[in-house]
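Student: Dropping the structure in here first, questions after.
Written out as structure tokens, the structure reads:
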């Protein structure tokens with residue numbers, strides 16, 4: 129007896145992805161992966177720039193407050209007639225003497241160029257070390273474009289100082305600072321010297337992460353004490 133055995137073979141065709149499906153899949157995966165990554169990178173860049181803007185604003189305000197410190201120190205010394213810092217001229221009140229000496233220190237001296245734009249269009253620059261502790265003498269100041277103080281460095285004590293003068297051992301930053309002062313007379317004649325207002329404009333600049341320069345300007349006014 130002959131046995132007949134028949135074996136059936138089943139073959140199923142496999143269909144691959146089309147080019148369009150592949151491109152769509154790649155696009156979807158890119159959105160899933162690159163979307164959050166882009167947000168993270170942009171957030172990091174924005175946070176860094178925000179920090180730099182806050183630091184730049186602080187540095188601009190610091191330059192003005194250092195001048196207020198100098199003015200107040202002179203006013204106290206003249207009011208108390210302490211030491212030889214304040215020399216009061218004939219027919220001059222202590223208040224007037226303090227204002228005259230303060231303006232003289234902002235002008236050109238043997239310790240640096242003038243901060244007044246009428247004498248120095250580039251403006252001047254200085255740091256906290258120059259001002260604090262120099263109440264009894266003229267303070268050092270520099271041209272805003274000179275190597276002495278064209279950039280600022282930060283010390284381990286978090287003080288921002290002139291790189292070319294006090295920057296040894298400090299970390300160089302991207303910040304530059306200039307101070308320009310304009311006299312705005314409020315009286316005429318002999319009273320002009322003692323009663324003008326000083327407009328102080330501080331400009332701080334730094335490079336953003338994308339390479340573009342960011343400029344911050346802060347303007348304030350100094351007045352003779354009553």
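In this note's numbering, the protein residues as written are 129 to 354. Where is the CB? At the ideal position from N, CA and C, for every residue including glycine.
With burial defined as no fewer than 16 other Cβ atoms inside 10 Å of the residue's Cβ, what is the status of residue 253: buried or exposed?
Tutor: Its Cβ being crowded by 16 or more others within 10 Å, residue 253 is buried.
Student: My output table needs one value for residue 243: the three-state DSSP class, helix, strand or coil.
Tutor: Coil at residue 243, not helix or strand.
Student: From which residue to which residue does the alpha helix (DSSP H) around residue 256 run?
Tutor: Residues 256-259.
Student: Going by the CB atoms, is the gap between residue 237 and residue 266 shorter than 8 angstroms?
Tutor: Contact flag set, yes.
Student: Do residue 309 and residue 245 come within 8 angstroms of each other at the CB atom, strictly closer than that value?
Tutor: Yes, the pair counts as a contact, with Cβ atoms nearer than the cut-off.
Student: Run the CB neighbour count on residue 103, radius 10 Å, all protein chains shown included, and call it buried at 16 or more, exposed below.
Tutor: Residue 103 lies beyond the stretch modelled for the chain, which goes from 129 to 354, so this question has no answer here.
Student: With distances taken Cα to Cα, identify the nearest neighbour of residue 312 among 306, 321, 304, 305.
Tutor: The shortest Cα separation from residue 312 among 306, 321, 304, 305 belongs to 321.
Student: So, helix, strand or coil for residue 266, using DSSP?
Tutor: Coil at residue 266, not helix or strand.
Student: Looking at C-alpha atoms only, which residue of 217, 222, 187 is the closest neighbour of residue 202?
Tutor: With distances taken between Cα atoms, residue 202 lies closest to 222.
Student: Give the range of the beta strand (DSSP E) segment to which residue 331 is assigned.
Tutor: It spans 325-335 - the beta strand (DSSP E) in which residue 331 sits, taken as one unbroken run.
Student: By alpha-carbon positions, which one of 345, 299, 271, 272 ends up nearest to residue 281?
Tutor: Cα-wise, what sits closest to residue 281 is 299.
Student: Terminal residues of the continuous alpha helix (DSSP H) containing residue 342?
Tutor: Note, residue 342: premise wrong, no alpha helix (DSSP H); beta strand (DSSP E) at 341-350.
Student: Hey, how far is the Cα of residue 196 from the Cα of residue 180?
Tutor: One C-alpha to the other measures close to 25 angstroms.
Student: Short of 6 angstroms in beta carbon distance, which residues of its chain neighbour residue 230, apart from the five on each side in sequence? Order them along the chain.
Tutor: For residue 230, where only same-chain residues beyond five positions count, the Cβ hits under 6 angstroms are 199, 202.
Student: Among 315, 339, 340, 344, which one has its Cα closest to the Cα of residue 329?
Tutor: Minimum Cα distance to residue 329 is reached at 344.
Student: Whose C-alpha, out of 279, 251, 333, 342, is nearest the C-alpha of residue 271?
Tutor: Here the closest residue by C-alpha is 251.
Student: One question on the structure: do residue 268 and residue 258 come within less than 8 angstroms of each other, judged by their Cβ atoms?
Tutor: Cβ distance < 8 angstroms, so residue 268 and residue 258 count as in contact.
Student: Using DSSP with H/G/I as helix, E/B as strand and the rest coil, what is residue 311?
Tutor: Here residue 311 sits in strand by DSSP.
Student: Please name the residue, chosen from 220, 233, 256, that lies closest to residue 295 on a Cα-to-Cα basis.
Tutor: Closest by alpha carbon: 256.
Student: Where does residue 237 fall in DSSP's three states?
Tutor: The answer is strand: DSSP assigns residue 237 an E or B state.
Student: Taking the C-alpha atoms as reference points, what is the distance between residue 225 and residue 340?
Tutor: Taking the straight line from one Cα to the other gives about 45 angstroms.
Student: Measuring straight from C-alpha to C-alpha, what distance separates residue 241 and residue 249?
Tutor: Approximately 11 angstroms between the Cα atoms of the pair.
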